[in-house]
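Peer 1: After the structure tokens below, expect a handful of questions from me.
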Amino acid sequence: MKIKVEKITKPKKGNGLWIKESGSDVWFFLPEGQTVIQGKEYQVDVELRRTRENRKYYLVKKIEEVIQAEQKAEEKQNTGQKKKITLKQALGELEKVEKAINKTIIGREEMVRLALITAVSGGNMLMVGGTGIGKTMTAELVASAFSDRVLYNQLNHYKELTNIIGNIDLKKFRETGEVEYRTDRFLNADFHIYDEFFHSKGKLRGALNDYILRRTLTIDDRGVLKGETRAIFLTSNRLEDLQDPKVQAEGGLAIADRIHIVLQVPDPDETVLEKLLTGGGTKEYSFRQPLSSIEVLEKIRQEAEKIPTPKWLVKKIAEFDAALKLKLPEEYRISPRKYITLVEMMKVSAVMDGRNAITLEDARRILPNAVFTLDQDIRKELNDLLKVSTEPIVQFIQKAQKEKDPQKIAQLMVENLGDGANLKDIKQLLNGDGIEALYIRESLPDVEKLIDKIQKKVESITPEDIEKMVEQQVKEIEEDVLNKEIESGLKM
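So the sequence shown is residues 598 to 1089, counted in the numbering used here.
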């Protein structure tokens, strides 16, 4: 039924709202967690109830603004008529969203990029850091940029799962397939945001663990509800809470394998503070309406699925995993199931950067941030493992193929490969079976054709031209060193 809200009052005891329908004496009770605006029209599902004084009222089980309900019905009707979005359009939309968020949150570009990768791949991300540095704001902006179905909960305010999802009548659900409004909202939200996750009660945290991993809600040993949540963002002031024996006993460690990205958010540096204090950024926690759509995320995810998992990456993950076993306790290590998701995230990272293959850049962005520790020394050691000697060759070819000026291509060769390097040597490297050759071939599937094209572009460059470029590069390095020495002397 449809109702237009004429009056809103709070009950004398308890939570929720009483709302009066316009043009009648009928009252509706809205449970906690739902809000309405006076004068607006809503589509509601209700159940007739009576007060102790035998006065009739309606309990609102589900409510939705009429405009939104009509829009969704129209979208459902026109699903088959919608024009499919192209990858170019999807990447353009994503870039627009990323720029909008980076204008809002100053100096958090890498955190925003990782949050977007999480949203595309359908993973889980934990952001750890002090109060007021942009953790929750990033999660809310990313989620609200793509959907208006976002569930936010500050978990230290709740004791049990029923405080969030309400009570579920399992018998009624089996007979009709219906659940109450709060349960439906929980299951159908595109994004969940859990603030202060480790400050929540162990019983609640344990109940959420399965949902975070499998997107299923276990009601009892006989009933399981499937959720549609795409990505989950968690925040905490201190990852050290995991060291608390009480938290561990309540299943806190079980979350380690369920979180794909663990990012320590540093306090803002001097440059960021200056921008913030001089008017940079905004106080808006979320976009008032989505800037894009879930279809954009899905298109990029589908494109990422087409990228094969390279053999060099399998070898590197084996090295990474062996080092991890030496550095961390068993409960914090990465499981095969988690590695599968991490590789999917690397593929998404590659597509977002405009590539059709995973490179070391993607591996370094994801793998060290997947380790459930904030020990920066351990993370640096693990990051140092993610190197291959032929990486500069791949970087050179990626840049050179886009460049038209032969002089600039030659300059790129000197900068990336050093004096004396030539394209014939690169071709010879392709014939090996080691990780160095694999890295070139698998990072650049058409590498031989690319090298031939680059060769044609630089045929007019003479050895004398190369020599002049090397001299110029040496001169620039010497000037840079001198300037740093002068700057250092002035500071003293």
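Glycine is no exception: its CB is placed at the ideal position from the N, C-alpha and C atoms.
Let me know the secondary structure DSSP gives H857 once reduced to three states.
Peer 2: Coil.
Peer 1: My guess is that V983 and R961 are in contact by the Cβ rule of under 8 Å, so how many angstroms apart are they, rounded?
Peer 2: Sequence inspection shows Leu at residue 983; the Val mentioned does not correspond to that position. Correct: roughly 5 Å between the Cβ atoms.
Peer 1: Are K659 and E757 touching if we call contact CB-CB under 9 Å?
Peer 2: No, Cβ-Cβ distance for K659 and E757 is not below 9 Å.
Peer 1: When you compare the CB positions of S1040 and V991, do they come within less than 9 Å of one another, or not?
Peer 2: Closer than 9 Å, so yes.
Peer 1: Drop a sphere of 10 angstroms on the beta-carbon of R802, count the other beta-carbons inside from all chains shown, and report buried for 16 or more, exposed for fewer.
Peer 2: Buried: at least 16 other Cβ atoms inside 10 Å.
Peer 1: Smallest Cα separation from D854: which of K912, A954 and Y936?
Peer 2: Among K912, A954 and Y936, the Cα nearest to that of D854 is on Y936.
Peer 1: So, at 7 Å on beta carbons, what are the nonlocal neighbours of N699 in its own chain, with the 5 sequence-adjacent residues on each side left out?
Peer 2: Excluding sequence neighbours, N699 sits near E706 and V709.
Peer 1: For R952, which three-state DSSP category applies?
Peer 2: Looking at R952 - three-state DSSP - the assignment turns out to be coil, as it is neither helix nor strand.
Peer 1: Tell me which residue opens and which closes the alpha helix (DSSP H) that V717 is part of.
Peer 2: E706 to S718 is the span of the alpha helix (DSSP H), which, as asked, contains V717.
Peer 1: For G721, report the span of its beta strand (DSSP E) as first-last.
Peer 2: Going by the sequence as given, residue 721 is Asn instead of Gly. Start and end: N721 to V725.
Peer 1: Nearest to E690 by CA position, among T906, M949 and K798, is which residue?
Peer 2: Nearest C-alpha to E690: M949.
Peer 1: Give, in chain order, every unbroken run of the beta strand (DSSP E) that is at least 3 residues long and sits entirely within the stretch 881-937.
Peer 2: DSSP runs (the beta strand (DSSP E)) wholly in the stretch 881-937: none.
Peer 1: For M724 and V602, which I take to be in contact (beta-carbon distance under 8 Å), what is that distance rounded to the nearest angstrom?
Peer 2: Rounded, the Cβ-Cβ distance is 37 Å, inconsistent with contact.
Peer 1: Just to confirm, are L939 and H857 a CB contact at a threshold of 9 Å?
Peer 2: Taking 9 Å as the Cβ cut-off, L939 and H857 qualify as a contacting pair.
Peer 1: Let's see if you can read the secondary structure: which residues bound the alpha helix (DSSP H) around Y1036?
Peer 2: Taken as a continuous stretch (DSSP letters only), the alpha helix (DSSP H) holding Y1036 covers I1032 to S1040.
Peer 1: Give the DSSP bridge partners of S986, in chain order.
Peer 2: Paired residue(s): none; S986 is not in a bridge.
Peer 1: How would you call E618, buried or exposed, if buried means at least 16 neighbouring beta carbons within 10 angstroms?
Peer 2: So E618 counts as buried.
Peer 1: Tell me whether R835 sits in a helix, a strand or coil according to DSSP, three-state version.
Peer 2: Three-state result, R835: coil.
Peer 1: My output table needs one value for V623: the three-state DSSP class, helix, strand or coil.
Peer 2: It is coil, neither helix nor strand.
Peer 1: Taking C-beta to C-beta, are I605 and V633 nearer than 9 Å?
Peer 2: In this structure, V633 lies closer than 9 Å to I605 by Cβ.
Peer 1: Within a Cβ cutoff of 7 Å, which residues of the same chain sit near I1023, ignoring the five residues on either side of it in sequence?
Peer 2: Contacts found: I990 and I1048.
Peer 1: Can you list, in chain order, the residues of its chain with a C-beta nearer than 7 Å to that of G636? Leave out the 5 residues immediately preceding and following it.
Peer 2: Cβ neighbours of G636 beyond the five flanking positions: V602.
Peer 1: Using the C-alpha atoms, what's the distance from G620 back to I829?
Peer 2: Each residue's Cα considered, the two are about 43 Å apart.
Peer 1: Under 9 Å between the Cβ atoms of E988 and L1026?
Peer 2: Not closer than 9 Å, so no.
Peer 1: Ignoring anything shorter than 4 residues or poking outside the stretch 745-816, list the alpha helix (DSSP H) runs there in chain order.
Peer 2: Segments of the alpha helix (DSSP H) lying fully in the stretch 745-816: 759-762, 767-773, 778-785 and 799-811.
Peer 1: Closer than 7 Å by C-beta to A851: which residues in its own chain qualify, once you throw out the five before and the five after it? Chain order, please.
Peer 2: Hits under 7 Å: N806.
Peer 1: Looking at the structure shown, is L688 part of a helix, part of a strand, or coil, going by DSSP?
Peer 2: Residue state, collapsed to three classes: helix.
Peer 1: Hey, out of K768, L860, K1050 and T701, whose CA is closest to R976's CA?
Peer 2: Nearest option by C-alpha distance: L860.
Peer 1: Apart from the five residues just before and just after S718, which ones in its own chain have a Cβ nearer than 6 Å to its Cβ?
Peer 2: Closer than 6 Å at Cβ, skipping near neighbours: E941, M942 and V945.
Peer 1: Using 10 angstroms around the beta-carbon of L979, count the other beta-carbons present and answer buried if the total reaches 16, otherwise exposed.
Peer 2: Label assigned to L979: buried.
Peer 1: What span of residues does the alpha helix (DSSP H) with T826 cover, start to end?
Peer 2: Premise fails: T826 is in no alpha helix (DSSP H) and is neither H nor E.
Peer 1: Exposed or buried, which one is M598 when buried takes at least 16 other CB atoms within 10 Å?
Peer 2: Answer is exposed; the Cβ neighbour count stays below 16.
Peer 1: Pull up the CB-CB distance for Y791 and L752, whole angstroms please, since I reckon it's below 8 Å.
Peer 2: About 5 Å separates the two Cβ atoms, so the contact holds.
Peer 1: Is D959 buried or exposed, if buried means 16 or more other CB atoms sit within 10 Å of its CB?
Peer 2: Buried, because 16 or more other Cβ atoms sit within 10 Å of the Cβ of D959.
Peer 1: Give the secondary structure of I634 by DSSP, where H, G and I count as helix, E and B as strand, and everything else as coil.
Peer 2: In this structure, I634 counts as coil in the three-state DSSP scheme.
Peer 1: In angstroms with no decimal places, state the Cα-to-Cα distance between V694 and Q686.
Peer 2: Spanning the two alpha carbons is a distance of roughly 12 Å.
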